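Taking it in order: structure first as structure tokens, then the write-up.
There are 4 protein chains.
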Amino acid sequence: MPTPTKLGWIGAGRMGYAMAERLAKGGCDIAVWNRTREKALPLEKSGAKVVNQLEELSTRDILFVMVATYDDVKEVLARALASASKGGKPKMVVECSSISLEGSAELRRMLKGKGIAYLAAPVSGNAKVIKAGKLTFVVSGPRHAYDEARPYLDMMGAGSSYVGEGELSRIAKICHNVMLGVVIQNLCEITVLAEKAGMPRHAFLDFLNKSVMGSMFTRYKTPALVNLDFHVTFTPKLLRKDLDLGLDAGRRFDVPMPLSSLTRDLLQQMIGRGMSEQDFSTLLLMQAQNAGLKLEPEDVPVSDGLS
Amino acid sequence: MPTPTKLGWIGAGRMGYAMAERLAKGGCDIAVWNRTREKALPLEKSGAKVVNQLEELSTRDILFVMVATYDDVKEVLARALASASKGGKPKMVVECSSISLEGSAELRRMLKGKGIAYLAAPVSGNAKVIKAGKLTFVVSGPRHAYDEARPYLDMMGAGSSYVGEGELSRIAKICHNVMLGVVIQNLCEITVLAEKAGMPRHAFLDFLNKSVMGSMFTRYKTPALVNLDFHVTFTPKLLRKDLDLGLDAGRRFDVPMPLSSLTRDLLQQMIGRGMSEQDFSTLLLMQAQNAGLKLEPEDVPVSDGLS
Amino acid sequence: MPTPTKLGWIGAGRMGYAMAERLAKGGCDIAVWNRTREKALPLEKSGAKVVNQLEELSTRDILFVMVATYDDVKEVLARALASASKGGKPKMVVECSSISLEGSAELRRMLKGKGIAYLAAPVSGNAKVIKAGKLTFVVSGPRHAYDEARPYLDMMGAGSSYVGEGELSRIAKICHNVMLGVVIQNLCEITVLAEKAGMPRHAFLDFLNKSVMGSMFTRYKTPALVNLDFHVTFTPKLLRKDLDLGLDAGRRFDVPMPLSSLTRDLLQQMIGRGMSEQDFSTLLLMQAQNAGLKLEPEDVPVSDGLS
Amino acid sequence: MPTPTKLGWIGAGRMGYAMAERLAKGGCDIAVWNRTREKALPLEKSGAKVVNQLEELSTRDILFVMVATYDDVKEVLARALASASKGGKPKMVVECSSISLEGSAELRRMLKGKGIAYLAAPVSGNAKVIKAGKLTFVVSGPRHAYDEARPYLDMMGAGSSYVGEGELSRIAKICHNVMLGVVIQNLCEITVLAEKAGMPRHAFLDFLNKSVMGSMFTRYKTPALVNLDFHVTFTPKLLRKDLDLGLDAGRRFDVPMPLSSLTRDLLQQMIGRGMSEQDFSTLLLMQAQNAGLKLEPEDVPVSDGLS
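Chains as they are written, first to last, in the working numbering: chain V, 1 to 307; chain L, 1 to 307; chain X, 1 to 307; chain S, 1 to 307.
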């Protein structure tokens with residue numbers, strides 16, 4: 001492990017906090033900035049240094065960014081790197097937020113102009129996945145930069161995958177979310193079928209989760225599907241947006257995507273029927289309505305496979 | 001562990017052999033019959049007893065069946081239980097083959113007539129999954145029978161799930177295979193998109209397999225998708241048949257199944273185009289053709305997540 | 001026109017009455033039987049003879065059947081032909097009801113045994129279409145029988161088409177109804193889109209009906225779509241049944257049918273949501289709900305293209 | 001008929017020529033310009049005046065435009081109206097080409113700036129449809145302008161429909177083309193099914209065309225489907241573009257469009273498989289391939305319902 005590397009971290013929201021914490025606990029030299037400084041302070045217990053000014057991060061070797069939107073990414077990087085040319089600058093920026101292909105490419109041009117390498121490194125997983133040590137990254141950009149950043153990426157979870165140059169990792173993440181949409185929709189189809197045939201949802205999903213078809217995703221959505229707790233992890237509109245990004249990529253690259261198209265259409269239907277404020281897994285409710293089934297929570301304790 | 005229970009096992013094909021072996025190695029008192037006795041003989045090294053006559057199994061406490069078709073199941077059970085009433089009979093039969101709902105119900109009636117409990121216990125996984133210790137069962141039938149059989153089921157792999165009375169487990173298995181069809185099709189859609197966008201398939205699938213969307217299934221199909229080795233594990237026609245069973249169940253229970261229907265139609269297309277002799281994962285070839293992409297094996301060693 | 005031919009007619013329901021009336025008004029020698037004799041009596045004003053007993057039709061040259069169900073067809077023909085061998089028998093039976101392929105084949109065998117030719121001749125159109133003189137027939141069976149029956153078929157409407165031997169016309173009718181389902185669903189998709197974009201439905205459909213895409217069908221469903229009068233002409237469940245017959249034929253003949261499959265699934269959804277008692281054109285209501293649109297009747301007089 | 005109105009006509013391609021000819025033969029005072037003047041000259045036999053300079057059309061009362069692309073529309077109108085403010089100007093422009101919503105709106109703004117009313121008036125039909133007198137228009141823009149232009153629109157074919165203000169007619173035309181795509185795809189599904197079941201295509205389509213499902217469209221595509229003459233009337237890529245425009249409108253107005261989405265995907269597949277140079281009705285070939293059917297031309301004379 002290349003110990004003397006100085007890490008910078010921007011963004012201590014639910015996910016960013018948990019990610020930075022893993023680096024700090026892993027013994028890294030890490031300096032963190034967050035818009036609301038108080039939220040980041042507990043990280044000091046894990047060994048991180050919480051800075052007051054974004055500018056203080058301009059001299060870290062590797063600068064990680066994990067914030068909410070592309071506008072945030074642009075703003076914090078502009079400020080962090082404002083004085084980059086004078087007093088030193090990061091060797092690379094590793095951008096882990098969910099931003100668009102176009103935004104990512106714009107960022108790359110901007111950083112190239114400053115002589116800073118750039119890795120696009122979106123993640124698979126939510127805050128609970130991070131805590132369970134199972135976050136993964138998909139990374140694109142200069143290979144040598146990836147080789148240097150990799151130990152830190154891997155320290156944050158269960159590994160990283162390098163898919164090539166440029167913004168390819170953004171497309172990989174879109175593909176991942178397209179699959180997420182298709183899998184949840186199909187899971188709802190078969191879960192409703194299983195229930196109408198006479199199986200309790202928790203029993204059916206227990207089998208499915210243990211089976212070769214089970215994934216971390218099917219497991220952590222199981223409590224929602226069994227007990228109908230649909231607090232938002234990701235909204236139907238955001239999922240529809242990702243499906244649209246996937247279909248747009250399909251158009252650009254001339255790839256037919258029948259299941260993805262149909263899933264996009266079902267999300268549109270869901271939103272049209274007013275089911276847009278809860279979690280996307282309310283697809284189960286729509287599927288049940290479409291099958292003439294009234295769902296009840298089963299009130300059974302079920303594992304999410306993480307905690 | 002209730003040690004004195006005497007187990008009987010019918011069928012030492014690729015999967016049956018591996019399953020019986022796990023019971024034998026686990027210390028069970030197990031007697032095995034196979035049509036071609038020689039194939040079963042090596043099990044004796046693991047502690048199993050290989051019998052000559054099916055009738056010898058009629059006095060085992062629990063009789064497992066793992067053969068190829070429903071016709072085989074009927075024949076071997078008829079012979080094994082021919083003298084059941086006289087000299088004793090099994091407490092229960094545990095049927096693990098992939099047979100139809102109707103066949104399973106017929107079997108249940110037949111066994112009920114003989115006073116023998118019956119568990120329908122199809123599996124998730126192939127021979128490699130068994131060897132990796134990851135086979136799972138979905139079980140239906142009398143609860144007390146399941147409770148008694150469970151230790152042996154669990155000894156064969158990664159656990160079992162009880163979903164209720166009657167033939168419910170057969171429907172659960174159909175749902176599982178429907179999902180398998182939908183997931184492989186969507187996996188092909190996004191893999192072709194990723195490749196046309198510029199990613200090597202092995203890199204993209206490495207990410208996906210590590211991600212929250214990765215399953216045992218996506219992992220063990222990865223060598224086929226990367227290196228285009230499409231030796232048959234399951235034919236397109238068999239998968240189409242399972243999709244048809246799922247859609248039939250959807251009709252019976254009034255459940256719309258949009259993604260499942262579309263996947264069934266794509267399998268039909270595949271067969272119409274003459275792609276019916278290789279593995280169902282040749283869906284990737286069809287998807288690539290539909291996207292104007294000529295696939296080449298990547299000739300990269302990739303893990304199947306099992307061995 | 002071969003004038004001396006004696007026609008027999010069984011069934012004076014809404015459609016049968018209108019069909020027999022056209023033959024009678026066309027100057028044919030026609031004898032009619034109906035279960036409720038009174039309903040048929042007004043046909044005498046048009047020159048038909050209304051008989052009391054089914055048996056009286058056994059000596060007509062061509063015997064037409066237009067009743068509700070296959071069970072009715074079997075019963076009336078059995079009675080009409082009970083004494084067929086003794087006192088003479090029809091040269092042929094022309095069966096115009098909507099019966100299954102299997103029923104039609106069974107009928108053919110029965111009639112063949114009696115030495116009576118059989119034409120399967122289902123229709124396209126409803127009672128209003130008949131009155132407008134636009135009914136058409138699709139016919140299968142012996143070619144010579146068709147040649148003989150054709151003048152009478154054509155006299156009832158806008159023509160007939162001969163598609164070959166056996167029950168092929170039943171499959172043709174199923175294909176016709178599959179298309180009907182697909183067209184109404186797509187019509188609902190684009191009509192809802194047009195309305196949300198700002199067009200009155202009657203204006204949009206006026207264009208569409210006049211355009212190259214307009215059909216008798218799109219025109220006679222227009223009043224329902226504009227003024228939301230959904231009295232039943234054909235129920236969602238009957239349409240779903242025809243889609244199922246089409247998909248079954250697709251399975252038998254290995255033909256993928258993507259749009260037909262998806263339409264079937266949408267009808268299933270409609271029924272699951274409780275929209276099963278009104279006309280199938282309530283697909284418009286479902287489509288509007290799925291698009292978050294509250295429909296109002298436009299209360300505009302629109303033509304159905306028939307009256 | 002308001003006789004003294006002076007009409008101007010820009011564009012004497014296959015469709016424009018036939019349209020202008022109908023106005024000339026109808027006795028209108030019409031002046032025509034075409035880029036290649038010779039192609040327009042024969043119109044003088046019908047009573048039209050063929051001008052040399054676009055500028056000569058600036059003083060016509062109603063100026064029709066029927067050219068190939070939006071760029072052409074912009075260029076010819078700019079030139080025709082260059083001196084509009086000085087020596088007089090048209091009361092209105094009626095734009096009949098297939099241009100985009102955005103292009104149409106831009107045109108409207110430009111003409112509004114010059115004080116010229118603007119009707120967006122795309123058509124349904126091809127050159128053969130025009131010759132058969134069955135062309136129709138869908139029109140949007142100021143109602144009074146439509147009332148004034150209507151007699152001339154109706155003289156060119158079988159009528160026009162006014163759908164409202166602005167560019168609504170462009171959306172109506174997109175909806176029309178979406179339906180065209182869905183109908184041809186479904187027609188191919190059932191035609192292949194009918195053939196595999198044993199019907200000649202011409203017999204099946206004869207029935208369908210006469211039936212309530214028959215449209216001008218199904219009739220004029222019949223020769224292609226029967227005799228496999230796939231010379232281009234409209235390419236798969238152009239149809240895919242119109243489907244994309246329809247789906248984009250669906251996204252903008254939050255309307256799910258399942259059949260339209262799936263049809264778009266099938267066109268993508270068709271293009272991916274290299275079937276992009278012939279007519280879009282080669283969807284029949286793809287459908288046949290997907291069903292394992294080798295098609296042969298039937299070499300039967302069939303009507304297109306027009307000539």
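Even for Gly, the Cβ is constructed at its ideal location relative to N, Cα and C. Nothing here was measured: the structure is a model prediction, and the numbers come from that model.
Task: Within 8 angstroms of chain X by C-beta, residues of the segment 252-282 of chain L in sequence order - done: Asp-254, Val-255, Pro-256, Met-257, Pro-258, Ser-261, Leu-262, Arg-264, Asp-265, Leu-266, Gln-268, Gln-269, Ile-271 and Gly-272
Task: Counterpart residues of Tyr-118/X in DSSP-defined beta bridges - done: Against the third sequence, residue 118/X aligns to sequence position 118. Partner(s): Val-93/X.
Task: Residue-level contact to chain S via CB, Gly-292/L, 9 angstroms cutoff - done: Translated into positions along the second sequence, residue 292/L becomes position 292. Chain S, which has a Cβ nearer than 9 angstroms to the Cβ of Gly-292/L, makes this yes.
- [ ] Answer yes or no: does any C-beta atom of chain X fall closer than 9 angstroms to that of Gly-159/L?
- [x] Translated into the one-based positions of the second sequence, residue 159/L becomes position 159. Chain X, which has no Cβ nearer than 9 angstroms to the Cβ of Gly-159/L, makes this no.
TODO: Would you check if the distance between the CB atom of Ile-130/L and the CB atom of Gly-157/L is smaller than 9 angstroms?
DONE: For the purposes of this step, residue 130/L is identified with residue 130 of the second sequence, where counting begins at 1. For the purposes of this step, residue 157/L is identified with residue 157 of the second sequence, where counting begins at 1. The answer is yes: Cβ separation under 9 angstroms.
Open item on the list: Give the list of continuous beta strand (DSSP E) stretches no shorter than 3 residues that lie fully inside the segment 222-271 of chain X.
Closed with: none
TODO: In angstroms with no decimal places, state the Cα-to-Cα distance between Met-1/L and Glu-167/L.
DONE: Reading the second sequence from its first residue, position 1 is the one you call residue 1/L. Reading the second sequence from its first residue, position 167 is the one you call residue 167/L. Summary for Met-1/L: the model assigns pLDDT 48, below 50, so the residue's position carries little reliability; its value from the coordinates is reported in the next sentence. Each residue's Cα considered, the two are about 27 angstroms apart.
Open item on the list: Using the Cβ count rule (16 or more neighbours within 10 Å means buried), how would you classify Pro-223/X?
Closed with: Start at 1 with the first residue of the third sequence, and residue 223/X comes out as number 223. It counts as buried.
- [ ] Count the other C-beta atoms from every protein chain shown that fall within 10 angstroms of the C-beta of Gly-141/V, then say buried if there are 16 or more, exposed otherwise.
- [x] The sequence position of residue 141/V within the first sequence is 141, counting from 1. That one is buried.
Open item on the list: Check for me: the alpha helix (DSSP H) holding Thr-36/V runs from which residue to which?
Closed with: As a first step, residue 36/V is located in the first sequence; it is residue number 36 there, counting from the start. It is not in any alpha helix (DSSP H) - Thr-36/V carries neither H nor E in the DSSP assignment.
Task: Minimum C-alpha distance to Val-178/L - residue among Ser-261/L, Ala-120/L, Gly-103/L and Glu-75/L - done: As a first step, residue 178/L must be located in the second sequence, where it is residue number 178. Val-178/L has its Cα closest to that of Ser-261/L, out of Ser-261/L, Ala-120/L, Gly-103/L and Glu-75/L.
Open item on the list: Given a cut-off of 9 angstroms on the beta-carbon distance, is the pair Leu-259/V and Gln-269/L in contact?
Closed with: Along the first sequence, one-based indexing puts residue 259/V at 259. Along the second sequence, one-based indexing puts residue 269/L at 269. No. Outside cutoff.
Task: Where Val-163/V sits in the DSSP three-state scheme - done: As a working note, residue 163/V is residue 163 in the first sequence. Val-163/V falls in the strand class under three-state DSSP.
Task: Range of the contiguous beta strand (DSSP E) that encloses Ser-169/X - done: The residue labelled residue 169/X in the question sits at position 169 within the third sequence. Not the beta strand (DSSP E): Ser-169/X falls in the alpha helix (DSSP H), residues 168-197.
Open item on the list: Tell me the rounded alpha-carbon separation between Gly-115/X and Lys-89/X.
Closed with: Your numbering for residue 115/X matches position 115 in the third sequence. Your numbering for residue 89/X matches position 89 in the third sequence. Looking at the two C-alpha atoms, the distance is approximately 9 angstroms.
TODO: Give the range of the beta strand (DSSP E) segment to which Lys-131/S is assigned.
DONE: On the fourth sequence, position 131 is the one that residue 131/S refers to. Unbroken run through Lys-131/S is the alpha helix (DSSP H), 127-131; no beta strand (DSSP E).
TODO: Would you verify that the beta carbon of Gly-250/S is, or is not, closer than 9 angstroms to some beta carbon of chain V?
DONE: As a working note, residue 250/S is residue 250 in the fourth sequence. Taking Cβ atoms only, chain V reaches closer than 9 angstroms to Gly-250/S, which makes this a yes.
TODO: Measure the CB-CB distance between Tyr-70/V and Gly-27/V and report whether it falls below 9 angstroms.
DONE: Counting from one through the first sequence, the residue named residue 70/V turns up at place 70. Counting from one through the first sequence, the residue named residue 27/V turns up at place 27. No, the Cβ-Cβ distance between Tyr-70/V and Gly-27/V is not below 9 angstroms.
Task: Reduced DSSP category for Lys-25/V - H, G, I as helix; E, B as strand; rest coil - done: Indexing the first sequence from 1 puts residue 25/V at position 25. Reduced to three states, the DSSP call for Lys-25/V is helix.
Open item on the list: Just to confirm, is the Cβ distance from Gly-330/X to Val-51/X under 9 angstroms?
Closed with: Outside the displayed span of chain X (1 to 307) sits residue 330/X, for which this structure offers no information.
Task: Cutoff 6 angstroms; reference Thr-5/V; Cβ partners in own chain excluding five residues on either side - done: If you number the first sequence from 1, residue 5/V lands on position 5. Only Asp-61 meet the Cβ criterion.
Task: Nearest neighbour of Gly-159/V, chosen from Ile-174/V, Tyr-146/V and Lys-134/V [CA to CA] - done: Your numbering for residue 159/V matches position 159 in the first sequence. Closest option to Gly-159/V, Cα to Cα, is Lys-134/V.
Task: Residues from the segment 163-176 of chain V in contact with chain L, defined by Cβ distance under 7 angstroms - done: Val-163, Gly-164, Leu-168, Ile-171, Ala-172, Cys-175 and His-176
Open item on the list: If contacts are defined as beta-carbon pairs under 8 angstroms, then Thr-136/V and Lys-221/L qualify, I think. What distance do you get, rounded to the angstrom?
Closed with: As a first step, residue 136/V must be located in the first sequence, where it is residue number 136. As a first step, residue 221/L must be located in the second sequence, where it is residue number 221. The pair is not a contact, with the Cβ atoms about 19 angstroms apart (cut-off 8 angstroms).
Task: Cross-chain neighbours of Asn-227/S in chain X, by beta carbon under 7 angstroms - done: Translated into the one-based positions of the fourth sequence, residue 227/S becomes position 227. Result: empty, since nearest Cβ-Cβ is about 18 angstroms, beyond 7 angstroms.
TODO: Note down, in chain order, every chain X residue with its Cβ under 8 angstroms from the Cβ of Gln-289/V.
DONE: Position 289 of the first sequence, counted from the first residue, corresponds to residue 289/V. Per Cβ cutoff of 8 angstroms: Gly-272 and Arg-273.
- [ ] Please check if any C-beta of chain L sits within less than 9 angstroms of the C-beta of Ser-124/V.
- [x] One-based indexing of the first sequence puts residue 124/V at position 124. Yes, because at least one Cβ of chain L sits closer than 9 angstroms to the Cβ of Ser-124/V.
TODO: Starting from Val-138/V, follow its DSSP beta bridges and name the residues at the other end.
DONE: Here residue 138/V corresponds to residue number 138 of the first sequence, with the count starting at 1. Bridge partners of Val-138/V: Ser-161/V.
TODO: Determine which residues share a DSSP beta bridge with Gly-47/S and list them.
DONE: As a first step, residue 47/S is located in the fourth sequence; it is residue number 47 there, counting from the start. According to DSSP, Gly-47/S bridges with nothing at all.
Open item on the list: Given a cut-off of 9 angstroms on the beta-carbon distance, is the pair Asp-279/X and Thr-235/X in contact?
Closed with: As a first step, residue 279/X is located in the third sequence; it is residue number 279 there, counting from the start. As a first step, residue 235/X is located in the third sequence; it is residue number 235 there, counting from the start. In contact: Asp-279/X and Thr-235/X (Cβ atoms closer than 9 angstroms).
- [ ] Just confirm the distance between the C-beta atoms of Asp-206/X and Ser-161/S, as a whole number of angstroms; I'd bet it's less than 8 angstroms.
- [x] Start at 1 with the first residue of the third sequence, and residue 206/X comes out as number 206. Start at 1 with the first residue of the fourth sequence, and residue 161/S comes out as number 161. At roughly 4 angstroms, the Cβ-Cβ gap stays under 8 angstroms, so Asp-206/X and Ser-161/S are in contact.
Task: Where the beta strand (DSSP E) containing Val-65/V begins and where it ends - done: In the first sequence, residue 65/V corresponds to position 65, counting from 1. Taken as a continuous stretch (DSSP letters only), the beta strand (DSSP E) holding Val-65/V covers 62-65.
Open item on the list: Against chain L, with Cβ distances strictly below 9 angstroms, would Asp-61/X count as a contact?
Closed with: Taking the first residue of the third sequence as 1, we reach residue 61/X at position 61. False, the Cβ-Cβ gap to chain L never drops below 9 angstroms.
Task: Which residues DSSP lists as bridging Val-123/V, in chain order - done: Position 123 of the first sequence, counted from the first residue, corresponds to residue 123/V. Answer is Phe-137/V.
Task: Endpoints, beta strand (DSSP E) assigned at Gly-8/X - done: As a working mapping, residue 8/X is identified with position 8 in the third sequence. It spans 6-10 - the beta strand (DSSP E) in which Gly-8/X sits, taken as one unbroken run.
Open item on the list: Please report whether the beta-carbon of Tyr-17/L lies at a distance below 9 angstroms from any beta-carbon of chain V.
Closed with: Taking the first residue of the second sequence as position 1, residue 17/L is located at position 17. With 9 angstroms as the cut-off, Tyr-17/L does not count as an interface residue toward chain V.
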